[in-house]
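S.K.: In my numbering, the protein residues as written are 2 to 180.
Below: one structure in structure tokens.
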């Protein structure tokens, strides 16, 4: 169990399933007061890939397949360990536009309102950066060790996960762009 102490006296705990790539992706959200045991505060429903795609907006094109989604989650987890991820819209746009970084942009397809990330695919196309959508912002947030849902992640290459990165890069780059 991993705890994130943001407030004095109260820790927000998230029981992350050891294998995020299985059917169960996000565990239970719990609150734990110091000295007490954890009690269930809120439980997120466990959805399969097909059920998650029902919540995806019509704007989410190209949507990654189930196999590619699993690979992207695994890549995001590995990249987070060596600090090769950028999380958040401002940080990603700064890295792409000002620093000229190259990598893969992974967007959540169930983001609401869509206007938050509507301009990101255009920026990615201008700078020749491949991007794709995954069905769940909760799973994307859990992959980068965040308690909150994450709408967008930028992953850069590193030698520790180079083979997986290359597979994901070619697969995302081969996805057809929307018209």
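Even glycine gets a Cβ: it sits at the ideal position worked out from N, Cα and C.
Going by the DSSP bridge assignment, what does residue 134 pair with across the sheet?
M.R.: 64, 108
S.K.: For the putative contact between residue 76 and residue 165, defined by C-beta atoms under 8 Å, what is the C-beta separation to the nearest angstrom?
M.R.: 5 Å
S.K.: In three-state terms, what does DSSP make of residue 157?
M.R.: coil
S.K.: In or out: residue 137 buried (at least 16 other Cβ within 10 Å) or exposed?
M.R.: Burial call: buried.
S.K.: Is it buried or exposed for residue 127, if we count other Cβ within 10 angstroms and need 16 for buried?
M.R.: exposed
S.K.: Would you report the Cα separation of residue 163 and residue 144, rounded to the nearest angstrom?
M.R.: 18 Å
S.K.: Can you tell me where the beta strand (DSSP E) with residue 126 in it begins and where it stops?
M.R.: That residue, residue 126, is in no beta strand (DSSP E); its alpha helix (DSSP H) goes 121-127.
S.K.: By a C-beta neighbour count over all protein chains shown, 10 Å radius and 16 as the cutoff for buried, is residue 87 buried or exposed?
M.R.: The residue in question, residue 87, is buried, as its Cβ has 16 or more Cβ neighbours within 10 Å.
S.K.: Does the distance from the CB of residue 83 to the CB of residue 130 come in under 9 Å?
M.R.: no
S.K.: My guess is that residue 152 and residue 105 are in contact by the Cβ rule of under 8 Å, so how many angstroms apart are they, rounded?
M.R.: Incorrect: roughly 15 Å between the Cβ atoms, too far for contact.
S.K.: Hey, quick one: how far does the alpha helix (DSSP H) through residue 87 stretch, first residue to last?
M.R.: No alpha helix (DSSP H) contains residue 87, which is instead part of the beta strand (DSSP E) from 86-88.
S.K.: Is the distance from the Cβ of residue 176 to the Cβ of residue 65 below 9 Å?
M.R.: yes
S.K.: What are the boundary residues of the alpha helix (DSSP H) that residue 102 is part of?
M.R.: No alpha helix (DSSP H) contains residue 102, which DSSP labels as neither H nor E.
S.K.: Among the residues of its own chain, which have a CB less than 7 Å from the CB of residue 115, if the five just before and after it don't count?
M.R.: 58, 60
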